[in-house]
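Protein chains: 2
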Amino acid sequence: MQDPQGAHATAAPASHSDASLEPVEFEVERYHHWKVAYDGPIAKVTMAVDPNAPLREGYELKLNSYDLGVDIELADVVRRMRFEHPEVRVVVLSSGSDRVFCAGANIHMLGASTHAWKVNFCKFTNETRCEIEDATDASQQIWVAACNGTTAGGGYELALACEEIYLQDDGSSAVSLPEVPLLGVLPGTGGLTRLVDKRKVRRDRADVFSTTAEGIRGKKAVQWNLVDAIYPRSKFDEKVLERAKALVATASKELPGGERKGVVLGKLAPEKRANGRRYRHVDLSWDKATRVAKLVVKGPTAEDVALVEKGGEAMRQAGSDVWSLRAWRELDDALLHLRVNHQDIGMVLVRTEGDPATVLAHDAALARVRDHWYAREILLHMARVLRRFDNTSRSFFALGDRGTAFAGCLLELALAADRFYMLDDEDAKVRVGVSELEEGALPMHTGLTRLQARFLGEPSKLEELVGRRDLLDPETADEAGLVTVRLDEIDWDDDLRIAIEERASLSPDALTGMEQNLRFPGPETPDSKIYARLSAWQNWIFIRPNATGPEGALTLYGRPERPQFDWRRV
Amino acid sequence: MQDPQGAHATAAPASHSDASLEPVEFEVERYHHWKVAYDGPIAKVTMAVDPNAPLREGYELKLNSYDLGVDIELADVVRRMRFEHPEVRVVVLSSGSDRVFCAGANIHMLGASTHAWKVNFCKFTNETRCEIEDATDASQQIWVAACNGTTAGGGYELALACEEIYLQDDGSSAVSLPEVPLLGVLPGTGGLTRLVDKRKVRRDRADVFSTTAEGIRGKKAVQWNLVDAIYPRSKFDEKVLERAKALVATASKELPGGERKGVVLGKLAPEKRANGRRYRHVDLSWDKATRVAKLVVKGPTAEDVALVEKGGEAMRQAGSDVWSLRAWRELDDALLHLRVNHQDIGMVLVRTEGDPATVLAHDAALARVRDHWYAREILLHMARVLRRFDNTSRSFFALGDRGTAFAGCLLELALAADRFYMLDDEDAKVRVGVSELEEGALPMHTGLTRLQARFLGEPSKLEELVGRRDLLDPETADEAGLVTVRLDEIDWDDDLRIAIEERASLSPDALTGMEQNLRFPGPETPDSKIYARLSAWQNWIFIRPNATGPEGALTLYGRPERPQFDWRRV
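Quick note, the sequences are listed as chains D and U, same order.
Using this note's numbering, the letters of the first sequence correspond one by one to residues 9 to 578.
Using this note's numbering, the letters of the second sequence correspond one by one to residues 9 to 578.
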């Protein structure tokens, strides 16, 4: 069944747009490119890209190639399934095309895109693939790739995000990463990293594989650990199903509790204004003249806390409108909107509104029910939104002034921000506080909590904060190491105005590079390596004339002319 | 004393050159920019850059700013001291200029340089700073920075490479990283990484610091851990000396044995030909038409082994001509020459000549004497050269054909290469083998051995090889996982020719990015983060119009016009 949600059956807006055109929307009305079928613990997700429904005009999505629109739908499939179909243990991803699993990102779309668009596109597709891995690892929804045809480039990268990869053994179906030999760019959607860091393919074999345009198939693909199994065409579906059933048993061990009845994700449907988007709990506004946006998140109310205190089942029955899901879905949507549709907004001022004590009570209640599958999914979702925040290339200043509630999960926004300004005024009574959720439930891509990342050099400060549940006044918070700049009422407006103006005047590229280096101290993981080592190199290559110049390999792909390279090695 | 070596007193060649001009030489004849004075366990290294002796014409090295020429000398100072002055425990780095410690990389040099030159320059300076840390950590030669004046940009990055940083407290001397606010580029010589990963400065403070052009001084610099201590101007030298003496005591614990009499590093003086450089043990040749170089390293002889078997003292008395030092210094020089002076040579074919059993015997003997300081220094040097190899952005194919000796330390060249081709022929009797040196003495920047990196996914293969000391024939080596492609005599020439031609035809940028991702599987360390996360972002920013376009911040630095930015965030 293509559309699990009756509500999605309305017509999609024709949003074939670059940043300068009609804004891209990340809420999906219906699937153009994916079919999803449920059969108890096994779901089948079929990629059947409609060539005539690209996100923007000017290219056809042939051979199951994808653009941002296809990936927005896939992200929706992955996320929705976790909430709406908690009974699913194994997801079999395959293709509806004959002899083609997926040909990767659409090259004509890439060729026609601006650098910023390409980078945003790659970042989102990377995040979607990390979501697939997160579903597999954390939600016991194991994604497997049933590659029933050619699996090339981004197609193989999609398969690499799955826990297991099965390839049809038909004498022609191969897996390949032809980006380097054919396009002069990298397999930048995690491909190179997952090859050597996730599947741990021997690096010299990875070198051969990544420079062999036609790819590798059959037994050699298994021997090199490029795929987990090959099955003959005649028995492919049967063998995949057999394997899926075996995995269901594995995935069904140690499941979190609660009745496994799904929660339908309701529409966010923000109110769209010329200079902002207003959601129920989130308000995003921007000023094109100053290139500064304001992002406000409203904290939970006492009623929200009371609901969570009733337990996981009560939350599940309340549906997707519970604050901890709704507010964070809204925040996610706002971040994506900002990234793709407002590229020239360089600064975001983040405020949280509400009562910090209520946020702490909320977090405590949520932590108590985390053994319920729905509460657990909500926490995993919050963690993903925060990681999207970490990876958003805008300068974030969190502003803790009158009426703000930077506590618990909302304090994470201040810790994820580049700076946290806090108002120190007797009357304003601004308070912050740490919750149990911050001590492991909301990890960064590096595997650290944001408190650990912050206090890498001051372990004693971390120790003092862990387990502390009282609200801290500005002076105490500052001494505890939570505040970047503490200002009194007199200085607040002027100092902040100057700081914002200064920040907004700096080179956006240098800021992006700086923030990417300062935000992720400490260890790296395969995930963080994708966003650091791999993506940074890909960004560099994307603007090199050898790839995107008039005679570059990406530009000339599919044309009779051969690319002309500047041979200097850098 | 400026020049510790009488041999260095000859005039320097006027090698003010870009890659297209007179080649840059990495052997230093005399110091133009540094003074080195020895006083028992304490050495003083004074940066006194001669403004009128830049490496290339067209800029002055004002305010103790540096170019590649200054850094080549610094690298020589660091390396030479470890071999020639093993009695030194603490190195005090300060400035000979009044009120300026170091202003960082020369901006006019950067502005006038090609992208490839900038990247090569940054890579070399990064390597030199890692050498300073390696001397501190592994050779008990603790470098400390006595910042007796303004310490800006690359100047502070140089200080960050030191174990401790002391700043003059005079009301004006500050440490700063003004790259982002003033130049629109990153502090790319390790600055951002060392700030948050080495000194573990809190990331929000690092954000404030890295966007504050005037920097931070006095007590705040200590509080933020930007420096270790501040001392008043009048007592600066005295306090620094006091601290240095205390560190001498710390560094003198657990020193390796052997008489601490230095070994003078003799000249390499390769024979320079139009299409090559011939050293005693290394031969580098290149073909501009095919853009392919050949790098041959001759293995040790039985006499070389006999010398090592006599022990560390015998080696020390034999001086810098021992194979394990001389051959590896030559290899290092060849790699640097290739990188900077032959940017369009994209492929390097690596061969090792000799008897693999002799290499294994040599490695075993060297491993037995590693408690002697000189043997230990030699091993540390070999490890550094191999890391330079890992970080060289050229495609390396190691060719194990007739007469080659890929065993022990020389097998590391095959493991560091992107591929290893091995000839499987009854008559040729090519053999490879693993030595004890490969099991920890020659680590990569990631902290792994090359065998560990290779077998991340096949731990059983690693177990089988560790401790194994016999020579492996091609089939056995292939089964053991050491060979990428095994070819018989009939296929060798043709298959290899095709592989080389194919490789040499691919986009040099895509290859650089691909190799950087495939060569470093597994964990990352601060060192590897510098070469990955930080350098890749810096490379990207260096070619963005916001930095180096006609209206970019780096281009316009020092001029009245303000940079014009494309505000889109990427």
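Where a beta carbon is used, it is the ideal one built from N, C-alpha and C, also for glycine.
Any C-beta of chain D sitting closer than 8 Å to the C-beta of residue i?
i	result
T492 (chain U)	yes
S468 (chain U)	no
I551 (chain U)	yes
N547 (chain U)	yes
E30 (chain U)	no
M522 (chain U)	yes
A120 (chain U)	no
T360 (chain U)	no
K208 (chain U)	yes
E532 (chain U)	yes
R505 (chain U)	no
When the cut-off is 8 Å and only beta carbons count, does residue i lie next to chain U?
i	result
L473 (chain D)	no
V230 (chain D)	no
S25 (chain D)	At S25 (chain D) the pLDDT is 38, less than 50, meaning the model places this residue with poor confidence; the figure from the coordinates comes in the next sentence. Chain U contact via Cβ: absent.
H345 (chain D)	no
K302 (chain D)	no
K537 (chain D)	yes
F91 (chain D)	no
V36 (chain D)	no
A17 (chain D)	Low confidence applies to A17 (chain D): its pLDDT is 31, below 50, so where it sits in the model is not reliable enough to give any reading.
Starting from residue i, trace the beta strand (DSSP E) in both directions and tell me its first and last residue.
i	result
F34 (chain D)	Unbroken run through F34 (chain D): none, as it is neither H nor E.
R285 (chain D)	G284 to R286
F404 (chain D)	S403 to G408
C417 (chain D)	Per DSSP, C417 (chain D) belongs to no beta strand (DSSP E); it is in the alpha helix (DSSP H), G416 to A424.
S293 (chain D)	V290 to D295
D177 (chain U)	E172 to D177
L303 (chain D)	V300 to K306
Among the options, which residue has its Cα nearest to the Cα of residue i?
i	options	result
R211 (chain D)	U:F132, U:A422 and U:R376	U:A422
R462 (chain D)	U:E338, U:L203 and U:N60	U:L203
Q524 (chain D)	U:F91, U:K318 and U:T201	U:T201
S103 (chain U)	U:D75, U:A154 and U:L76	U:A154
N128 (chain U)	U:G557, U:R402 and U:V188	U:R402
M390 (chain U)	U:L273, U:E447, U:P94 and U:L339	U:L339
E35 (chain D)	D:P62, D:L29, D:A83 and D:Y67	D:A83
Please look up how many angstroms separate the CB atoms of residue i and residue j, rounded, as I've assumed it's under 8 Å.
i	j	result
H116 (chain D)	E81 (chain D)	Rounded, the Cβ-Cβ distance is 19 Å, inconsistent with contact.
V108 (chain D)	G161 (chain D)	So it is not a contact: roughly 12 Å between Cβ atoms.
R427 (chain D)	D295 (chain U)	Rounded, the Cβ-Cβ distance is 54 Å, inconsistent with contact.
A111 (chain D)	L71 (chain D)	4 Å
V96 (chain D)	P49 (chain D)	6 Å
Y382 (chain D)	G266 (chain D)	6 Å
T136 (chain D)	R511 (chain U)	At roughly 33 Å, the Cβ-Cβ gap does not stay under 8 Å, so T136 (chain D) and R511 (chain U) are not in contact.
H93 (chain U)	G270 (chain U)	5 Å
A544 (chain U)	W545 (chain D)	5 Å
So the alpha helix (DSSP H) residue i belongs to, where does it begin and stop?
i	result
D142 (chain D)	H123 to A146
E385 (chain D)	W381 to D398
L562 (chain D)	A561 to L564
Specify the secondary structure class of residue i as computed by DSSP and reduced to three states.
i	result
F91 (chain D)	helix
V358 (chain U)	strand
V204 (chain D)	helix
E246 (chain U)	helix
A413 (chain U)	coil
A111 (chain D)	coil
S105 (chain U)	coil
F428 (chain U)	strand
K43 (chain D)	strand
E509 (chain U)	helix
A154 (chain D)	strand
V367 (chain U)	helix
Kindly examine the ligand SAH and report whether one of its heavy atoms sits closer than 7 Å to the Cβ of residue i.
i	result
K126 (chain U)	The ligand content of the structure shown is nil, which means the ligand SAH is not present either.
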